[in-house]
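Quick note: the sequence shown uses full-length UniProt numbering, first residue 1, plus one each step.
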Amino acid sequence: LLLTLTGCGPESGDESKMVPATPKATLSKTLDDVAGIVDPKNQSWPRTVEVLNGLVTIDAKPERILTVSLGHDEVTYALVPSERVIATSAAAKMAQHSNVAHLAQSVGVIALDPEQVISYNPDLVVASPYTKADFIDAVRNVGIPVVQAKLHNDPHGRIQDILLLGYVYGEVVRAMEFADEVRGRYGALKKITSVKPMSDRLRVLSLTSYSDKIYTAGNGSTEGSIIESADGINAAALAGLGG
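Here is the structure:
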């Protein structure tokens, strides 16, 4: 869903220089309902999150971020200055798959090779739900925190993803702004599409060529959520296909 709703993050500078100060009480209230944030009132460092690979403590604001999935690449570039990202997945550099390809061209590219990832000397690695435990353990064993975070495809879930990563990156104010952008764009989209009667909704089948294979987007997929957000009917989901 973020493929249609995302924007690009700040290019440089300290957060405090870019946006007005936001009261800590407002920040903690916003974070109260974000799954994974252990102590929403803690706006300093270290801070701890509970994610798919358990409790993870980040000692200081990460300045050398490495992401291993396209979904997290796109959220990350919307939240932090691009110079804080040191390497991304190969897909992030491909314009046919990524809306941050222009930002990712200047950074390293990684595969799921722990030694390669460690060689970049990141102070934080963000992994997807599909990242293997062996990879996560190998990186964590050398003292690098790994946050294995969910990637939701519905608007509410994606906003949760944005706010969680904003907290992890020390960019809560920017995450709040970005969440508002997503809500606004989604609301504007629904305002347009909701006037169409159910009988006029189109059945849409999404097919993607990736790694020499053809994939269809079923229930719970990114493309399926885009179809449904635009008030289309996901034909693959209707046929009982998932993922």
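Note that CB positions come from ideal geometry on N, CA and C, so glycine has one too.
Open item on the list: Closer than 8 Å is the cut-off here; do at least three beta carbon pairs connect the segment 159-176 with the segment 31-44?
Closed with: yes
Task: Best match in Ala101, Asp137, Met176 for proximity to Lys24 [C-alpha to C-alpha] - done: Met176
Open item on the list: Could you tell me the alpha carbon to alpha carbon distance between Gly232 and Leu202, rounded to whole angstroms?
Closed with: 5 Å
Task: Rounded C-alpha distance that separates Lys132 from Thr22 - done: 38 Å
Task: Range of the contiguous alpha helix (DSSP H) that encloses Leu205 - done: Counting along the chain, Leu205 falls outside any alpha helix (DSSP H), and DSSP gives it neither H nor E.
Task: Own chain residues within Cβ distance below 6 Å of Ala95, not counting five before or after - done: Ala101
Task: Which listed residue (Lys93, Val56, Asp39) has its alpha carbon closest to that of Ile136 - done: Val56
- [ ] With distances taken Cα to Cα, identify the nearest neighbour of Gln105 among Trp45, Ser89, His152.
- [x] Ser89
- [ ] With DSSP collapsed to three states, give me the class of Leu241.
- [x] coil
Task: Simplified DSSP assignment, three categories, for Leu66 - done: strand
Task: Within 8 Å, strictly: CB atoms of Ile65 and Val147 - done: no
Task: Secondary structure of Glu171, DSSP reduced to three states - done: coil
Open item on the list: Using 8 Å as the threshold, is the C-beta distance between Phe178 and Ala78 below it?
Closed with: yes
- [ ] Taking 8 Å as the cut-off, decide whether the C-beta atoms of Val68 and Ile110 are in contact.
- [x] yes
TODO: Quickly, what does DSSP pair Val125 with across the bridge? List them, please.
DONE: Leu66, Val146
Open item on the list: My output table needs one value for Lys190: the three-state DSSP class, helix, strand or coil.
Closed with: helix
TODO: Just mark Pro62 as buried or exposed, buried being the case when its beta carbon has 16 or more other beta carbons within 10 Å.
DONE: buried
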